[in-house]
Amino acid sequence: MLFWELCVGFLTLAIVATAENPYRFFEWNVTYGDIYPLGVRQQGILINGQFPGPNIYSVTNDNLIINVHNSLSEPFLLSWNGIQQRRNSFEDGVYGTTCPIPPGKNFTYILQVKDQIGSFYYFPSLAFHKAAGGFGGIRILSRPQIPVPFPPPADDFTVLIGDWYKTNHTKLRAILDRGHKLPSPDGILINGRGANGITFTVDQGKTYRFRISNVGLENSLNFRIQGHKMKLVEVEGTHTVQTTYSSLDVHVGQSYSVLVTMDQPAQDFFIVVSSRFTTKVLTATAILHYRNSKSKPTGPLPGGPTNQIDWSLKQARSIRTNLTASGPRPNPQGSYHYGLINITKTIRLQSSAGQVNGKQRYAVNSVSFKPADTPLKLADYYKIDGVFRVGSIPEQPTGGNIYLDTSVMGADYRTFIEIVFENKENIVQSWHLDGYAFWVVGMDGGKWTPASRTQYNLRDAVSRSTTQVYPKSWTAIYIALDNVGMWNLRTEYWARQYLGQQFYLRVYTTSQSVRDEYPIPKNALLCGRAKGRRTRPV
Numbered sequence: 001m002l003f004w005e006l007c008v009g010f011l012t013l014a015i016v017a018t019a020e021n022p023y024r025f026f027e028w029n030v031t032y033g034d035i036y037p038l039g040v041r042q043q044g045i046l047i048n049g050q051f052p053g054p055n056i057y058s059v060t061n062d063n064l065i066i067n068v069h070n071s072l073s074e075p076f077l078l079s080w081n082g083i084q085q086r087r088n089s090f091e092d093g094v095y096g097t098t099c100p101i102p103p104g105k106n107f108t109y110i111l112q113v114k115d116q117i118g119s120f121y122y123f124p125s126l127a128f129h130k131a132a133g134g135f136g137g138i139r140i141l142s143r144p145q146i147p148v149p150f151p152p153p154a155d156d157f158t159v160l161i162g163d164w165y166k167t168n169h170t171k172l173r174a175i176l177d178r179g180h181k182l183p184s185p186d187g188i189l190i191n192g193r194g195a196n197g198i199t200f201t202v203d204q205g206k207t208y209r210f211r212i213s214n215v216g217l218e219n220s221l222n223f224r225i226q227g228h229k230m231k232l233v234e235v236e237g238t239h240t241v242q243t244t245y246s247s248l249d250v251h252v253g254q255s256y257s258v259l260v261t262m263d264q265p266a267q268d269f270f271i272v273v274s275s276r277f278t279t280k281v282l283t284a285t286a287i288l289h290y291r292n293s294k295s296k297p298t299g300p301l302p303g304g305p306t307n308q309i310d311w312s313l314k315q316a317r318s319i320r321t322n323l324t325a326s327g328p329r330p331n332p333q334g335s336y337h338y339g340l341i342n343i344t345k346t347i348r349l350q351s352s353a354g355q356v357n358g359k360q361r362y363a364v365n366s367v368s369f370k371p372a373d374t375p376l377k378l379a380d381y382y383k384i385d386g387v388f389r390v391g392s393i394p395e396q397p398t399g400g401n402i403y404l405d406t407s408v409m410g411a412d413y414r415t416f417i418e419i420v421f422e423n424k425e426n427i428v429q430s431w432h433l434d435g436y437a438f439w440v441v442g443m444d445g446g447k448w449t450p451a452s453r454t455q456y457n458l459r460d461a462v463s464r465s466t467t468q469v470y471p472k473s474w475t476a477i478y479i480a481l482d483n484v485g486m487w488n489l490r491t492e493y494w495a496r497q498y499l500g501q502q503f504y505l506r507v508y509t510t511s512q513s514v515r516d517e518y519p520i521p522k523n524a525l526l527c528g529r530a531k532g533r534r535t536r537p538v
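Residue numbers (full-length UniProt numbering): 1 to 538.
This is the structure:
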């Protein structure tokens, strides 16, 4: 079926439900190309010839039709970090839900940014492609009739930051496939460039929005602008209390929006990004250029915070929801009183690292995820036995040795659960759940116990899709399971994700209503044991 025929068919089916919501069409070609982000030639993944890829601009409830041509020599998938895919995990773009796009073929993602605003990004989810590029920013603006809790900025900048290797992603993947750990990254990138490779041009006296996403592979990063303060206004789709910071810790997979007023003399300043909690501090710089400036930035780079966890923990606790602001709807964000709802289940998740059959693996509750031969969502939809088993990962830590399994945890639709991430290691961890935003109700050092709930924030905790867990610490989240599907819960430390530190949460209902879950898309790719099956009637 041709791309435009597919779009017309989809429009016909969706016109009754979404006639008032615009459609935005994207045609992307994914290729390899030479890039030099740290001054060394590498094989990068380009989208329409760009590294990083093009940004997606949209408005709440827009329908995004993204036709992706895979011109690589191997299968490829894009995933959408923070886009909730309401009732539609078939389009999530991870191997547990979506068949890869074969080389030389295309697939059209049909997404709706339903009831969302904010700053997010997309990235390639297969084969350690993330270490080669293929990522880009996503911004979802509020509808014109919905008030935003700050004046319109003079401009809106996407800032993609992340650690980077000079080694090609194929060699990095081979190291992991042989069962070894990766070395530390070689540098930091800002929008795909190293030292002073990017310039943001501004006018004196005006205020600008910077949407900062950590698209890297493992390191927490600190973001700061020489001589300027930053006012935090949004975190992964939630308007926040407008707190001012001189620097901001952005952990892997996280996105933040800040407002910066150009209140300094008309000259150039450094924008600095540096690694956190690492023995060797990696640093990258960009330039904040006042339009009439004649002078280059001077003086030492602004220093970051100390490596003490307490500073970062205190900052994380200070990030709270703006209860008086509207979200994607006109009602205040604080109208949903999550703190008054009884939890139906507590799940404790503990990470671990170790050897299995002489190879390095990483696990959750002792289970290291082993990919199946068929995407789990397709196996579930077609009722194909033997692909996975619900309950193949325990809901509490076992303390046992690591073992391999295709780990799937079951959960009931419309329940309200608590998840506690427990980190017994000496690294900062970062966890993401596809398909959902959750409330980060508590985090602290030491061991979590039921008594820890007395310190939870049950009034204005921030709602987001990625949260950090500090060394020898815990983080607790609340989730309203209102999105049916098969959803990936993973570490954002990408080598660990690749070697098993992930699982799938199957949010299930017996209902067959499209109000609860959309049917399989007509254009769905079918692979593995689902190959040759029919999707749905045209």
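All residues carry an ideal CB built from backbone N, CA and C; glycine is no exception.
With at least 16 other beta carbons inside 10 angstroms of its own, Q112 counts as buried. Excluding its 5 nearest sequence neighbours in each direction, I393 has C-beta neighbours in its own chain below 8 Å: V364, N365, V367, D405, S407, V408, M409 and F503, listed in chain order.
In this structure, V484 keeps its C-beta atom at 8 Å or more from the C-beta atom of Y436. As for any beta strand (DSSP E) of minimum length 3 sitting wholly inside the segment 37-90, the runs are 42-47, 56-59, 63-70 and 78-81, ordered along the chain. CA-CA distance, W474 to G358, rounds to 30 Å. The beta carbons of I309 and Y456 sit about 20 Å from each other, so the pair does not count as a contact at 8 Å.
The bridge partners DSSP lists for P124 are L78. Rounded to whole angstroms, H239 and P149 show a C-alpha spacing of 8 Å. The shortest CA-to-CA distance from H251 to any of Q242, S275 and A266 is the one to S275. Boundaries of the alpha helix (DSSP H) harbouring Q315: I309 to S318, taken from the DSSP string. Per DSSP, reduced to three states, the secondary structure at Q333 is helical.
L111 is bridged by DSSP to L64. Taking a contact as a CB-CB distance under 8 Å, the pair Y518 and R87 counts as one, their CB atoms being some 5 Å apart.
As computed with DSSP, V148 is found in no beta bridge at all. Of G339, F90, V233 and N106, the smallest CA-CA separation from V440 is found for G339.
Straight-line measurement puts the Cα of S312 at about 17 Å from the Cα of T279. In this structure, P302 sits near V272, with a CB-CB distance shorter than 8 Å.
Annotation for L301: no beta strand (DSSP E) segment contains it, and DSSP assigns it neither H nor E. Counting along the chain, no beta strand (DSSP E) covers H169; the unbroken alpha helix (DSSP H) around it starts and ends at H169 to D177.
Annotation for Y436: no alpha helix (DSSP H) segment contains it, and DSSP assigns it neither H nor E. Nearest Cα to N307 within the set I101, L38 and S220: S220.
Taking all protein chains shown into account, R41 has fewer than 16 neighbouring C-beta atoms within 10 Å of its C-beta and is therefore exposed.
By alpha-carbon distance to T158, the top candidate from K105, G446 and Y57 is Y57. According to the DSSP assignment, R496 belongs to the alpha helix (DSSP H) that extends over W494 to Y498. Comparing alpha carbon positions, the residue from Y95, I479 and I427 closest to N342 is I479. Here K206 has A154 and M262 as same chain residues with Cβ atoms under 6 Å from its own Cβ, once five neighbours each way along the sequence are excluded.
Listed in chain order, the non-local C-beta contacts of Y95 below 8 Å within the same chain comprise L77, S125, L126, P371 and P375, local neighbours out to five positions each way being set aside. By the beta-carbon neighbour count (other beta carbons within 10 angstroms, threshold 16), A174 is exposed. A residue is called buried once 16 or more other Cβ atoms fall within 10 Å of its Cβ, and G39, having fewer, is exposed. Remark: C-beta atoms of I65 and F120 do not approach each other more closely than 8 Å.
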